[in-house]
Amino acid sequence: MRGVPAKFNMKEALSLLIQECKSMRELKQIHSKIITTSPYMTHKDHHFLLSRLLFFCAFSRSGSLAYAVSLFRSFKDPNLFSYNTMIRSFSSIKERMVTSLSPFRLYKRMLASGIQPDNLTFPFLFKSCTIKHEPNTGKTIHTHVIKLGLDSDVFVCNTMIYMYSMCGLSDIALQVLNGMTQRNIVSWNSILIGYLRCGELDQALSMFCDMKERNTITWNSIITGLVQGGRPMESLKIFHEMQRSKDVEPDKVTIASVVSACSYLGALDQGRWVHGYLERQGLKADMVIQTALIDMYGKCGCLERAVEVFNEMPRKDVLAWTAMISAFADHGLTKNAFGLLGEMERQGTKPNHVTFVALLSACAHAVQVDSGRRCFDLMRRVYGIDPLVHHYACLVDLLGRAGLFEEAEELIKSMPMKPDEFVWGALLGSCRMHGNVELGEKIAGYLISLDPQNHAFYVVLSDIYAKAKQFEGVKRVRKLMCERGIQKTVPGCSLIEVDGQIHEFSVRGSAESVKEEIKWLLNILTIELKFAGYVPDINEEF
DNA sequence: ATAGGGTTAG
674 MRGVPAKFNM KEALSLLIQE CKSMRELKQI HSKIITTSPY MTHKDHHFLL
724 SRLLFFCAFS RSGSLAYAVS LFRSFKDPNL FSYNTMIRSF SSIKERMVTS
774 LSPFRLYKRM LASGIQPDNL TFPFLFKSCT IKHEPNTGKT IHTHVIKLGL
824 DSDVFVCNTM IYMYSMCGLS DIALQVLNGM TQRNIVSWNS ILIGYLRCGE
874 LDQALSMFCD MKERNTITWN SIITGLVQGG RPMESLKIFH EMQRSKDVEP
924 DKVTIASVVS ACSYLGALDQ GRWVHGYLER QGLKADMVIQ TALIDMYGKC
974 GCLERAVEVF NEMPRKDVLA WTAMISAFAD HGLTKNAFGL LGEMERQGTK
1024 PNHVTFVALL SACAHAVQVD SGRRCFDLMR RVYGIDPLVH HYACLVDLLG
1074 RAGLFEEAEE LIKSMPMKPD EFVWGALLGS CRMHGNVELG EKIAGYLISL
1124 DPQNHAFYVV LSDIYAKAKQ FEGVKRVRKL MCERGIQKTV PGCSLIEVDG
1174 QIHEFSVRGS AESVKEEIKW LLNILTIELK FAGYVPDINE EF
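Below you can see the structure in the form of structure tokens.
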């Protein structure tokens, strides 16, 4: 410290130390140094160092948010930088917080103490609005942006656009977009993603076609959006178009979505191809891709490959475990599924509500009533997971399949929430299975009154009558459907992959090229099933 | 500083 003003030296040195800090231990040492040297510093410098320390604590990999919070709480008058740090820290948390640390409370406190927010404050406030789905809070903050003249900032505007479009307010999003003096690709992508998230897929597609500039995120967003929106076939088409386009290269995100598209389609060859493509591109499968691969191989009936990918994983989170569990469940391997539940617990991963949906549906498909009841209990008592409607639907499905109608109805009555159409639908399906006309009529009547335009419930009711040979009933349902103008708009269809080509086939007919091959395949399957001792339930077919 | 990925059910 010789020859240089101590004040200057101290601040610079400590600031450098913070930047290079590698652990919390080091950080605490620096913290105490800042405190002990504070008499030799100006207040401003002291505050500067503490706020840098806070920033490091909040965002560095070796930092600690808990320590950041305690640091922040020790500040008497946090500066703008510290407020921004805290708002950013909590902007990605979905739960509505009761503490003073919610971004909105921090923002209010900041305004109350006379500090003016800046262009770095707003993006994170809008992010918080997006995550919590609070467009009205967002609108209020939007007015502050205008008052402060920050409505020309690209970052601020883009996060506003994203918020509005994700909340389904694409009109306002477009207004913001049109008012911008300079837009960039993020502005357009934000609108596009909003459309996709709100299920306006055609709107998104038409915008995608009109876009002059498209980056990887644009392509990935549309591919993912189509898969999640239940149009995986189109997403594969866009993926192939992406490969042909010169200006972008598929990345890990693309691969994850495409693998996911393949599992929806049962497109094993395409899925395998993407798996190979990933390696050819020199990309390594990360946890997300591996999980998608497990799901894909599982859904395509290739359990061995699913297990292989699973065993190769160095790290597994709940989603990975759950994907493997449901692959076992889909293959009727209830024991393996439950075995994995124990294994995941031993390895320190807690199952979540999705894991239990997978387990319960495994029990339902295998009609293992005792396992199902025990599983439901286990979930509540041991894992402290409150059952959601989905879980009740699985259990109702199981009890119904087992013909335990009274218990199923009792369970529905005991539900803490309103049973939805899936819960009743599960029981209705069981009525069809067991020929329970009386209960079936009651449930179908109720479901039809809820959603008179949905053809599905009429069809099941008609099946129930047909199975009981009550053809008057069948006629009544058909007449009702005619009167109400209800048609089965989209015929049920299945997908089959032949030589890497995906074909749709349905009762209404299929492409000639694959028809013969499908017939041939079905014949073989029927013969093999007979050998295995399977007796088809032809009562269902009328 | 802002935008994109994986698990369940029907």
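Under our numbering, the first residue of the first sequence is numbered 674, with each subsequent residue one higher.
Backbone N, C-alpha and C define an ideal beta-carbon position, used for all residues, glycine too.
task: Can you check the region 1075-1107 for any alpha helix (DSSP H) of at least 4 residues that lies completely inside it and give the ranges in chain order?
output: 1078-1087, 1094-1107
query: Is the CB-CB distance between Phe777 and Met836 below 8 Å?
result: no
field: 3-residue-minimum beta strand (DSSP E) runs that sit fully inside the region 849-913, ordered along the chain
entry: none
field: Counted within 10 angstroms of its Cβ, other Cβ atoms place Lys910 as buried (16 or more) or exposed
entry: exposed
- request: Name the residue from Trp946, Ser918, Asp920, Glu886 whose alpha carbon lies nearest to the alpha carbon of Val931.
  value: Trp946
- request: Scan the region 727-797 and note each continuous alpha helix (DSSP H) run of 4 residues or more that stays entirely inside, going in chain order.
  value: 738-747, 753-763, 776-785
task: Put Val921 into one of helix, strand or coil per three-state DSSP.
output: coil
- request: Using 10 angstroms around the beta-carbon of Phe1144, count the other beta-carbons present and answer buried if the total reaches 16, otherwise exposed.
  value: exposed
message: Using only the alpha-carbon positions, how far apart do Tyr1138 and Val1110 sit?
response: 7 Å
query: Near His719, which residues of its chain fall below 6 Å by C-beta distance, leaving aside the five closest residues on each side in sequence?
result: Ser711
task: Enumerate in chain order the residues of its own chain whose CB-to-CB distance from Leu774 is below 6 Å, with the five nearest sequence positions on each side excluded.
output: Phe763
task: Use the C-beta contact count for His1064: other C-beta atoms within 10 angstroms, 16 or more gives buried, fewer gives exposed.
output: buried
message: Could you check whether Ser838 and Ile819 sit closer than 8 Å to each other, using their CB atoms as the reference points?
response: no
message: With H, G and I counted as helix, E and B as strand and the rest as coil, what does DSSP make of Met986?
response: coil
task: In the DSSP assignment, find the alpha helix (DSSP H) that holds Glu807 and state where it starts and stops.
output: Here Glu807 belongs to no alpha helix (DSSP H), and DSSP marks it neither H nor E.
- request: Tell me where the alpha helix (DSSP H) around Ala965 begins and ends.
  value: 960-972
field: Identity of the residue in Cys1036, Leu1051, Tyr1056 nearest Ala1066 by Cα
entry: Cys1036
query: What is the DSSP secondary structure of Thr1028, reduced to helix, strand or coil?
result: helix
message: Within a Cβ cutoff of 6 Å, which residues of the same chain sit near Thr964, ignoring the five residues on either side of it in sequence?
response: Leu992, Ala993, Ala996
query: Excluding five sequence neighbours on each side, which residues of the same chain lie with their C-beta closer than 7 Å to the C-beta of Pro751?
result: Phe745
- prompt: Between which two residues does the alpha helix (DSSP H) carrying Glu1156 extend?
  reply: 1144-1156
task: Throw me the rounded Cβ distance for the Leu874 and Arg904 pair, which I believe falls under 8 Å.
output: 6 Å
- prompt: Roughly how many angstroms lie between the CA atoms of Ile708 and Leu722, to the nearest whole one?
  reply: 10 Å
Nearest to Leu823 (by Cα), restricted to the options Pro796, Leu847, Lys717, Thr810: Pro796
message: Can you check which of these residues, Gly1076, Asn1025, Leu793, Met1017, is closest to Val1040 by C-alpha distance?
response: Gly1076
message: Check for me: the alpha helix (DSSP H) holding Ala993 runs from which residue to which?
response: 991-1003
- request: Compare the Cα-Cα distances from Thr715 to each of Ser696, Asp1050, Met683 and report the closest residue.
  value: Met683
field: Contact set for Gly729: own chain, Cβ-Cβ below 8 Å, skip 5 residues either direction
entry: The residue you asked about is not Gly; residue 729 is Phe in the sequence shown. Counting only Cβ-Cβ distances below 8 Å, and skipping sequence neighbours, we find Ile691, Gln692, Cys694, Leu700, Gly736.
- prompt: I think Ile895 touches Ala877, with their Cβ atoms under 8 Å apart; what is that distance to the nearest whole Å?
  reply: 6 Å
query: Between Ala1099, Gly1108, Met1106, His1107, which lies nearest to Leu1120 when the distance is taken from Cα to Cα?
result: Ala1099
query: Does the region 837-855 come within contact of the region 881-890, defined as at least 3 CB pairs closer than 8 Å?
result: no
query: Taking the continuous alpha helix (DSSP H) assigned at Ala1129, which residues delimit it?
result: 1128-1140
query: Between Ser801 and Asn831, which are expected to be in contact by the criterion C-beta below 8 Å, what is the C-beta distance as a whole number of angstroms?
result: The pair is not a contact, with the Cβ atoms about 15 Å apart (cut-off 8 Å).
- prompt: At which residues does the alpha helix (DSSP H) containing Leu1112 begin and terminate?
  reply: 1110-1123
- request: Please list the segments of the beta strand (DSSP E) lying wholly inside the region 821-852, counting only runs of 3 or more residues, in order along the chain.
  value: none
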